[in-house]
Each structure stands twice: as C-alpha cells, then as structure tokens.
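Chemist:
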C-alpha cells in the first residue's frame with residue numbers, strides 16, 4: 051500500500067457562462083497500485099480513455115469516475131469504479147495516468 055492524495059472534481063461556473071473544473075483535495079488514502087493489463091477500446095468511434103493502472107482502496111472511501119489520485123508528480127484520473135467486492139472491504143478503480 052502507498053499513500054496517495056484523493057481529489058474530487060468541482061465545476062466552477064463564471065457569471066459570463068464559462069466553466070472550469072478544479073480539483074479539491076479530500077484527503078490521504080492508502081492504495082494498492084498495479085499496472086493494468088486492459089486493452090484500449092473505442093467508444094462511439096473514439097477512445098474513451100486508456101487504462102494504465104488498477105488501484106484497490108478500502109471500501110469506505112468515497113470515489114467516483116473523474117476523481118483524481120496523486121502521488122508526488124504522478125496523477126491518475128479515475129475512469130471507472132467497481133465496488134462489487136465491497137463486502138470484502140475493497141473498491142477497485144481503473145485509472146489512466148495523466149501526462150504533464
């Protein structure tokens with residue numbers, strides 16, 4: 051397990067109608083991170099995201115697609131969350147490593 055910062059996306063709308071997404075830090079979580087062995091998929095004729103890693107977190111962690119996990123200079127966007135193993139105390143997330 052490694053300690054990572056968890057951030058949720060918040061949409062900020064300006065009076066002129068423009069909007070941006072900012073990430074709000076919600077705290078430190080412990081994550082088991084591993085490379086993904088998933089292939090790219092096309093959705094509606096385009097790539098919906100490329101899974102680069104899989105993360106396991108404790109099931110009490112509130113997390114959803116679009117959130118972000120970060121460790122040092124590395125950041126990972128959550129593509130999907132599978133809580134089917136919630137009874138065992140784990141949530142699995144499919145991640146895409148973001149490039150700077």
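Residue numbers (our numbering): 51 to 150.
Each residue gets a CB set at the ideal place from its N, CA and C atoms; glycine is no exception.
Run the CB neighbour count on residue 123, radius 10 Å, all protein chains shown included, and call it buried at 16 or more, exposed below.
Modeler: In the chain shown, the residue the question calls residue 123 occupies position 73. By the neighbour-count rule (16 or more Cβ atoms within 10 Å), residue 123 is not buried but exposed.
Chemist: I need the straight-line Cα distance from residue 125 to residue 104, nearest angstrom please.
Modeler: Working through the chain shown from its first residue, we reach residue 125 at position 75. Working through the chain shown from its first residue, we reach residue 104 at position 54. Taking the straight line from one Cα to the other gives about 13 Å.
Chemist: For residue 75 and residue 58, I'd like the C-alpha separation in whole angstroms.
Modeler: The residue you call residue 75 lines up with position 25 of the chain shown. The residue you call residue 58 lines up with position 8 of the chain shown. Distance between the alpha carbons of residue 75 and residue 58 is about 7 Å.
Chemist: Mind checking residue 113: buried by the 16 CB within 10 Å criterion, or exposed?
Modeler: As a first step, residue 113 is located in the chain shown; it is residue number 63 there, counting from the start. Under this definition residue 113 is a buried residue.
Chemist: Could you give the first and the last residue of the continuous beta strand (DSSP E) run that contains residue 81?
Modeler: What you label residue 81 is simply residue 31 of the chain shown in a count that begins at 1. First-last of the beta strand (DSSP E) with residue 81: 69-85.
Chemist: Just the Cα atoms here: how many angstroms apart are residue 71 and residue 108?
Modeler: Locating residue 71 in the chain shown gives position 21, counting from the first residue. Locating residue 108 in the chain shown gives position 58, counting from the first residue. Straight-line Cα distance between these residues: approximately 26 Å.
Chemist: Out of curiosity, what's the CA-to-CA distance linking residue 55 and residue 119?
Modeler: Along the chain shown, one-based indexing puts residue 55 at 5. Along the chain shown, one-based indexing puts residue 119 at 69. Near 6 Å, if we compare the C-alpha coordinates of residue 119 and residue 55.
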